[in-house]
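Structure, as C-alpha cells:
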Amino acid sequence: MIGKLSEEYAIEWERNRLVGIGYEELVEKIEDRRDIPSYGYDYLSFNAPGHERYIEVKSVGQEKKEECYRFFLSENELDISTQKAYCKNYYFYLVIYGKNGMPCDIIVKHAKELYSYSEISPCAYVVRFNLTEHE
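For the sequence shown, our numbering assigns the number 10 to the initial residue and increments by one for each residue that follows.
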C-alpha cells in the first residue's frame, strides 16, 4: 500500500513538473512501466521533447537514531541505473511520509549523484533447491 501511495504521489509531482516547465503536451506521453520489472524503473517521462527521463519511485525511511535515510533497490534497478544508455537520465523520486502516514514531500535525485555519497550494500539472497533430489 505504501508503494502505491508513493507512486501516485510521485507521478502527480511529475505531471506538475512537466506543466511547470512548459511541456504540458508531454504529460499524456508518460508511460507506466511498473508491471514489467525488467525495465528497471517505474515511469518513462521526459526532460524535454525527445529527451527521456527514467523514474524509479522509492518510499524512504529514516534510520532510527541516525540522520540517514534508506530504501531498497533491486539488483536490476541498480544495473539499469548505471548502464550507459540510462544513467544520464535515471532519477529516483524519493517519497517522504509525514506522521499521519501520508506522503508529504518528495526529493528528486539523479541516480549517479545519489550513488556518489551513498552506501550501497546487498540485503537479500535467492535460495534455490530441488526437493526431489533430497527426499
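Virtual Cβ for every residue (Gly too), placed ideally from N, Cα, C.
Keep in mind that this is a model prediction, so the values were computed, not measured.
* Extent of the continuous alpha helix (DSSP H) run through Lys-67 -> Residue mapping note: residue 67 aligns to position 58 of the sequence shown, counting from 1. It is not in any alpha helix (DSSP H) - Lys-67 instead sits in the beta strand (DSSP E) that spans 60-68.
* Do you know whose CA, among Asn-98, Glu-122 and Glu-72, lies nearest Tyr-50's CA? -> The residue you call residue 50 lines up with position 41 of the sequence shown. Selected option, being the one with the closest Cα: Asn-98.
* How do the segment 29-40 and the segment 111-129 stand: do at least 3 beta-carbon pairs fall below 8 Å, yes or no? -> no
* Grouping DSSP H, G and I as helix and E and B as strand, with all else coil, what is Pro-112? -> Taking the first residue of the sequence shown as 1, we reach residue 112 at position 103. In the structure shown, Pro-112 sits in a strand (DSSP, three-state: E or B).
* **Exposed unless 16 or more other CB atoms sit within 10 angstroms - verdict on Tyr-134** => Taking the first residue of the sequence shown as position 1, residue 134 is located at position 125. Exposed, since its Cβ has fewer than 16 Cβ neighbours within 10 Å.
* Asked: Tell me the DSSP bridge mates of Gln-71?
  -> Position 62 of the sequence shown, counted from the start, is the residue given in the question as residue 71. Tyr-78, per the DSSP bridge assignment.
* Asked: Does the count of Cβ pairs from the segment 108-121 and the segment 82-97 closer than 8 Å reach three?
  -> Touching, yes.
* Asked: Can you round the beta-carbon distance between Lys-67 and Leu-103 to whole angstroms, since I take them to be within the 8 Å contact cut?
  -> For this step, residue 67 is matched to residue 58 along the sequence shown. For this step, residue 103 is matched to residue 94 along the sequence shown. Indeed they touch by this definition, with Cβ atoms about 5 Å apart.
* **Stretch pair the segment 76-87 + the segment 54-62: three plus CB contacts closer than 8 Å** => No, the segment 76-87 does not touch the segment 54-62.
* For Val-104, the first and last residue of its enclosing beta strand (DSSP E) -> Numbered from 1 along the sequence shown, position 95 holds the residue referred to as residue 104. Start and end: 99-106.
* To do: Would you give the residue range spanned by the alpha helix (DSSP H) that Ser-54 belongs to?
  => Within the sequence shown, numbered from 1, the residue matching residue 54 stands at position 45. Where Ser-54 is concerned, there is no enclosing alpha helix (DSSP H), although the beta strand (DSSP E) it sits in stretches over 52-57.
* Could you please give me the residues that DSSP links to Asp-191 through a beta bridge? => Beyond the ends of the chain as shown, which are 10 and 144, falls residue 191; an answer cannot be given.
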